[in-house]
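Notes for the one structure printed next.
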Amino acid sequence: MKIFNLAGTVLKSLTHPAATRLYPFVPRVYEPKTRGHIEIDIEKCILCGICDRRCPTQAISVTKAERSWSIERLRCIQCNSCVELCPTKCLSMGTAYTDPSFGSVRDSFTQAPKPEGAAKPAVPAKPAAVALPTTPTSADDARVPGDA
Ligand code: SF4
Ligand code: SF4
67 MKIFNLAGTV LKSLTHPAAT RLYPFVPRVY EPKTRGHIEI DIEKCILCGI CDRRCPTQAI
127 SVTKAERSWS IERLRCIQCN SCVELCPTKC LSMGTAYTDP SFGSVRDSFT QAPKPEGAAK
187 PAVPAKPAAV ALPTTPTSAD DARVPGDA
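If you're matching positions, the sequence shown starts at 67 in the numbering used here and goes up one per residue.
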């Protein structure tokens, strides 16, 4: 009886589509909001170090003197904090997962040397503060119309 069950399973496997992909020949399609890996547009970075200081796993390292930014991929937990905090919005979350590896993987990015007097990347302006109406004081109440 077991031999018939086995034959049935084999036939089912042969006639149904594969349940898995033929990795790595068939690339994975990631969902649009998958938190895969951090990407940087290094030329927009102002090397302020906020991402370095606020990363909960110390995955990011910013070296201002060398104009470089680096990330240790296996430390990153894809929390997205650095993306949200970056003042120039040069960080983003890519959807693809990084390749499997045995050891630590540190990806480094270095800015191209800038000519003397080149403009710095712009930091998006904060919205202007709205002035609140002032409460009249007793001095205002005592003022006679026509007074300066
Ligand atoms: S996503 Fe989170 S853990 Fe990863 S580098 Fe940014 S702040 Fe660090
Ligand atoms: S927070 Fe943004 S601008 Fe500042 S060092 Fe990090 S990536 Fe560069």
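Idealized CB from N, CA, C, for every residue including glycine. These numbers come from a predicted model, not from an experiment.
Say yes only if the C-beta of Ile143 is nearer than 7 Å to one or more non-hydrogen atoms of ligand 2, and no if none qualify. Position 77 of the sequence shown, counted from the first residue, corresponds to residue 143. Answer for Ile143: no, Cβ out of range of ligand 2.
Could you tell me whether the region 144-159 touches the region 113-126, using the rule of 3 or more Cβ pairs below 8 Å? yes
On the CB-based measure, 16 or more other CB atoms within 10 Å of its CB, does Ala125 come out buried or exposed? Sequence index remark: in the sequence shown, residue 125 carries index 59 (1-based). With 16 or more other Cβ atoms within 10 Å, it is buried.
Ile104 beta carbon near ligand 2 (any heavy atom closer than 7 Å): For this step, residue 104 is matched to residue 38 along the sequence shown. Ile104: no, Cβ never under 7 Å from ligand 2.
Are there any heavy atoms of ligand 2 lying less than 7 Å away from the beta-carbon of Pro122, as far as the coordinates show? Against the sequence shown, residue 122 aligns to sequence position 56. Not so, every heavy atom of ligand 2 lies at least 7 Å from the Cβ.
Could you say which of Glu97, Arg141, Ser158 and Arg94 lies nearest to Lys110 if we only look at CA atoms? For the purposes of this step, residue 110 is taken as residue 44 along the sequence shown, with counting starting at 1. Among Glu97, Arg141, Ser158 and Arg94, the Cα nearest to that of Lys110 belongs to Ser158.
Are the beta-carbon atoms of Phe175 and Ser136 separated by less than 8 Å? Residue 175 sits at position 109 when you count from the first residue of the sequence shown. Residue 136 sits at position 70 when you count from the first residue of the sequence shown. For Phe175 and Ser136, yes; Cβs fall inside 8 Å.
According to DSSP, what are the bridge partners of Ser167? In the sequence shown, counting from the first residue as 1, residue 167 sits at position 101. Ser167 is not bridged to any residue.
Reducing DSSP to helix, strand and coil, say where Ala214 ends up. Start at 1 with the first residue of the sequence shown, and residue 214 comes out as number 148. Note that Ala214 scores a pLDDT of 42, beneath 50, so its modelled location is shaky; the value from the coordinates is reported in the next line. If DSSP states are grouped into helix, strand and coil, Ala214 belongs with coil.
Go ahead and label Ile104 buried or exposed: buried means 16 or more other beta carbons lie within 10 angstroms of its beta carbon, across all protein chains shown. As a position in the sequence shown, residue 104 is number 38, starting the count at 1. With 16 or more other Cβ atoms within 10 Å, it is buried.
Using the three-state DSSP reduction, which class does Phe70 fall into: helix, strand or coil? If you number the sequence shown from 1, residue 70 lands on position 4. Look at Phe70 here: in three-state DSSP terms it is helix.
To the nearest angstrom, how far is the alpha carbon of Ser79 from that of Asp165? Position 13 of the sequence shown, counted from the start, is the residue given in the question as residue 79. Position 99 of the sequence shown, counted from the start, is the residue given in the question as residue 165. Rounded to whole angstroms, Ser79 and Asp165 show a C-alpha spacing of 30 Å.
Buried or exposed: Asp118, going by 16 or more other Cβ atoms within 10 Å of its Cβ? The residue labelled residue 118 in the question sits at position 52 within the sequence shown. Asp118 is buried by the Cβ-count criterion.
Does the Cβ of Ile106 have 16 or more other Cβ atoms within 10 Å, making it buried, or fewer, making it exposed? Translated into the one-based positions of the sequence shown, residue 106 becomes position 40. Ile106 is buried by the Cβ-count criterion.
Following a CB-centred definition, is Thr154 positioned closer than 7 Å to any heavy atom of ligand 2? By 1-based counting over the sequence shown, the position of residue 154 is 88. Yes, the Cβ of Thr154 comes within 7 Å of a heavy atom of ligand 2.
Buried or exposed: Lys99, going by 16 or more other Cβ atoms within 10 Å of its Cβ? Against the sequence shown, residue 99 aligns to sequence position 33. With fewer than 16 other Cβ atoms within 10 Å, it is exposed.
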